[in-house]
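In this text, residue positions in the sequence shown follow my numbering: the first is 976, and each later residue adds one. Built from N, CA and C at the ideal position, the CB exists for glycine as well. Just so you know, these numbers come straight off a predicted model, no measurement behind them. One structure is given below, encoded as structure tokens.
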Amino acid sequence: MFLIVNRKKENGFSLIELLTVMAIMGILAVIVLPNYFVMQKRLALSRSVQKLAHDIRRAQEMAMSANEEPGCSAGYPDYKFSYGVYFSLSAPDSYKIFADCDSNKDYNSPADKIVNTITFEKTVTLSNLSPVVAGSLGIVFTPPAPAVTISPNSSTAEITITNGNENKSVKINMAGLIDD
976 MFLIVNRKKE
986 NGFSLIELLT
996 VMAIMGILAV
1006 IVLPNYFVMQ
1016 KRLALSRSVQ
1026 KLAHDIRRAQ
1036 EMAMSANEEP
1046 GCSAGYPDYK
1056 FSYGVYFSLS
1066 APDSYKIFAD
1076 CDSNKDYNSP
1086 ADKIVNTITF
1096 EKTVTLSNLS
1106 PVVAGSLGIV
1116 FTPPAPAVTI
1126 SPNSSTAEIT
1136 ITNGNENKSV
1146 KINMAGLIDD
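The following block contains the structure:
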């Protein structure tokens, strides 16, 4: 009556299943990849702004700690262990944390000692400084408060960085408030 046929199970994918999966993967790749590269640039800019604000706070903390910078106080008996951050539009891919060895509340090479030179991520550059004189801006913290000196003489400073399409800024005022 009824004939039972034992069929052998075949493992694997049919051609239609394989083509369907490949089509779905292709559509996802077309949607995701362009947004991935845009997000990478945005994240690089956000990381750079946060790092910049952190490094300004670091210079502020170095001044408050009143640690002597090796090789800095020799020849400058009134040295108050001031530290600062220096920006130059002629070097838009980096900025410097420095010890103000000559206590003039501004960056002077070679009198002042560079503690660290920080380079922005590869797509990020310095685009604007406010205020700016001769293409540069210096922010110096002098203990014990620490008092903030913005050079050229101003009550606030704004450092703007860009990744080509987008800009972000870090602001600092005479009270030492750093806003990113």
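What is the rounded straight-line gap between the Cα of residue i and the Cα of residue j?
i: glutamate 1043; j: arginine 1032; result: 18 Å
i: glycine 1113; j: leucine 1003; result: 48 Å
i: alanine 1082; j: lysine 1143; result: Note on residue identity: the sequence assigns tyrosine, not alanine, to residue 1082. About 24 Å.
i: asparagine 1091; j: valine 1005; result: 42 Å
i: isoleucine 1153; j: glutamate 992; result: 57 Å
i: lysine 1071; j: serine 1065; result: 13 Å
i: tyrosine 1058; j: serine 1102; result: 24 Å
i: glycine 1151; j: methionine 997; result: 56 Å
i: threonine 995; j: methionine 1014; result: 29 Å
Can you tell me where the alpha helix (DSSP H) with residue i in it begins and where it stops?
i: threonine 995; result: 990 to 1040
Going by CA-CA distance only, name the one from the options that's closest to residue i.
i: serine 1130; options: Ile1147, Lys1088, Pro1118; result: Ile1147
i: serine 1023; options: Met1039, Pro1127, Ala1066, Glu1096; result: Glu1096
i: aspartate 1155; options: Ile1125, Ala1132, Asn1138, Ile1072; result: Ala1132
i: aspartate 1087; options: Tyr1061, Phe988, Pro1127, Glu1141; result: Tyr1061
i: methionine 1149; options: Asn1010, Thr1117, Ile1136, Ser1021; result: Thr1117
In terms of residue numbering, what span does the beta strand (DSSP E) encompassing residue i cover?
i: tyrosine 1082; result: Counting along the chain, tyrosine 1082 falls outside any beta strand (DSSP E), and DSSP gives it neither H nor E.
i: lysine 1071; result: 1069 to 1074
i: asparagine 1103; result: 1100 to 1105
i: alanine 1122; result: 1122 to 1126
i: alanine 1132; result: 1131 to 1137
i: asparagine 1142; result: 1142 to 1148
i: leucine 1112; result: 1111 to 1117
i: valine 1060; result: 1058 to 1063
For residue i, I'd like the list of residues in its chain whose CB is within less than 8 Å of its CB, leaving aside the five on either flank, ordered along the chain.
i: threonine 1094; result: Asp1068, Ser1069
Among the residues of its own chain, which have a CB less than 6 Å from the CB of residue i, if the five just before and after it don't count?
i: isoleucine 1125; result: Ile1114, Ala1132
i: proline 1045; result: none
Exercise. Is there contact between the region 1096 to 1106 and the region 1033 to 1042, where contact requires at least three CB pairs shorter than 8 Å?
Worked result: no
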